[in-house]
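Report on the structure given below.
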Amino acid sequence: MSSQKPETKAIRLQTDRTEQKEHSTPLFLTSSFVYDSAENMAAAFSAESPEVNIYSRFSNPTVDEFIQKIAQLEGAADGIATGTGMAAVFSTFMAFLSQGDHIISASAVFGSTHTILTKYLKRWGIEYSYFEMSKPESIEAMIRSNTKMLYVETPSNPGLDIIDIEFVASICIRHNILLVVDNCFATPAVQQPMKYGADLVLHSATKFIDGQGRVLGGVVVGRKELIHELYLFVRNTGPSMSPFNAWVLPKAWKLYLYVWSGMLPAPCNWLSS
Ligand SMILES: Cc1ncc(COP(=O)(O)O)c(C=O)c1O
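Each residue of the sequence shown is one higher than the one before, starting from 38 at the first, in our numbering.
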C-alpha cells in the first residue's frame, strides 16, 4: 500500500471488510457504538483522542474512510468531515479565531462565507479586511499584530478569480499566520494547496467531490495538530457529517479518479470518451 500513488490509495483505501466479505465498503449507519462495560464507556468518553469509535458526532468508520481518501488526495496528514461546506468554513473560523483577532480574506469568496465574515464574526469581536485577488501584494500592508488567518478561495465562486498560493503562503510564513484555502472549485485532482504552503484546505464536498447533486458535505484537511483542534470543535458543537453522505461521496469521484489517473479498466473505456 505505501508504494502506491495518492490517487491509487484514494481509490483502494477502504474500511476493513467484515466477515461477510462485502465488495462495496460497509456503511456504518449508526449514531453510537457499544462497550464491553460501563467503565470502558466512561474511559472512552473522557479521552480527548479516543482510540475507539464512541459516538458518530465524534467519529465513524464510514466518515473516516471519506476523510482519509480526501487527505490522501490533498497530501494532508489528517482531516475532519462536516455536514456541509459552510460548516467546514464556519468550524475553521470558530476553531482558530478568538475575540480580538483579525482575519484577512480575499473579497472574492462564496456568498455565505462573505456573510460569516461581515455579519457574524463581527458580533464576536473578530475583525476582517478584504483584499482584491488581483492585488496579492496589498496583503502585507493589511497585516496587524492580531492577524491570525488569511483566507482564500481559488478559483473563487462564481468569478473564477485565482491567486498564487505559494506567494500568499510565503507572506503567512513570514508573519506566522494560518493560511486556509477553499479548494472546492479546483478539487484535489487539479490543485493541492498544501504543496504550496497552505495550512488547512477545505471543500464543499457538495460540489465537484459529489459531482452529481445528491448529498451535502464538507471536509477540512491539514496537519495533525490543527485537525485535532477542529476535531474538538466539531465533536463538541456538532456539525458532523452523516455516515450515509460519507458513504455516497466516494462512489462518485472514485470513477472520476479512474478516468483522471488513466487507470480505467478496458471494459469501461467508453467512460473517458
Ligand atoms: C467555494 C465554495 N465554498 C463553500 C461553499 C458552501 O458549501 P455548501 O453548500 O456545501 O455548504 C460553496 C457552495 O457552493 C462553494 O462554492
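Every residue, glycine too, gets a C-beta built ideally from N, C-alpha and C. Being a predicted model, the structure only gives us computed values, none of them experimental.
By the three-class DSSP mapping on this structure, what secondary structure does Phe168 have? In this structure, Phe168 counts as strand in the three-state DSSP scheme.
Cross-strand partners of Gly259 (DSSP beta bridge): Asp115, Leu237
Can the beta-carbon of Ser253 be found closer than 8 angstroms to that of Thr152? Note that residue 253 is Leu in the sequence shown, not Ser. It is not a contact, given that the beta carbons lie outside the stated cut-off.
In the DSSP output, what is Ile140 paired with across the bridge? Tyr165, Met186
Is the Cβ of Gly116 closer than 8 angstroms to any Cβ of chain D? This model lacks chain D altogether; it includes just one protein chain.
Between Ser32 and Pro276, which are expected to be in contact by the criterion C-beta below 8 angstroms, what is the C-beta distance as a whole number of angstroms? Since the first and last residues shown for the chain are 38 and 310, residue 32 lies out of range.
Secondary structure of Tyr72, DSSP reduced to three states: coil
Does the count of Cβ pairs from the segment 188-208 and the segment 218-235 closer than 8 angstroms reach three? yes
Does the beta-carbon distance from Leu239 to Val257 come in below 8 angstroms? Yes; because the gap between Cβ atoms is below 8 angstroms, this pair is in contact.
So, using beta-carbon positions, are Lys185 and Asp138 closer together than 8 angstroms? Yes, Cβ-Cβ distance for Lys185 and Asp138 is below 8 angstroms.
Can you tell which of Arg54, Thr150, Tyr157, Lys106 has its C-alpha closest to the C-alpha of Ala283? Lys106
To the nearest angstrom, report how far apart Ser61 and Met170 are at their CA atoms. 43 angstroms
So what does DSSP say about Asp247, is it helix, strand or coil? coil
Taking the alpha-carbon positions, what's the Leu316 to Lys58 distance? Nothing about residue 316 can be reported from this structure: the residues present for the chain run from 38 to 310 only.
Per DSSP, Tyr92 is paired with what? Ser69
Does the beta-carbon of Asp198, which I'm using as the reference point, lie nearer than 7 angstroms to any heavy atom of ligand 1? no
Less than 8 angstroms between the beta carbons of Pro173 and Val126, yes or no? For Pro173 and Val126, no; Cβs fall outside 8 angstroms.
Once DSSP output is grouped into helix, strand and coil, what is the label at Val100? helix
Taking only three categories from DSSP, how would you classify Ile176? helix
Considering only residues of the same chain and omitting the five flanking positions on each side of Phe65, which have a CB-CB separation below 6 angstroms? Asn97, Pro98, Thr99, Pro280
Under DSSP, the alpha helix (DSSP H) around Val126 begins and ends at which residues? 122-133
Val217 - containing beta strand (DSSP E), residue span: 215-219
Distance between beta carbons of Gly116 and Ala124, contact taken as under 8 angstroms: Not a contact, Cβ separation roughly 14 angstroms.
Boundaries (first-last residue) of the alpha helix (DSSP H) holding Val205: 202-212
Between Ala242, Val227, Pro287, Glu177, which lies nearest to Asn213 when the distance is taken from Cα to Cα? Glu177
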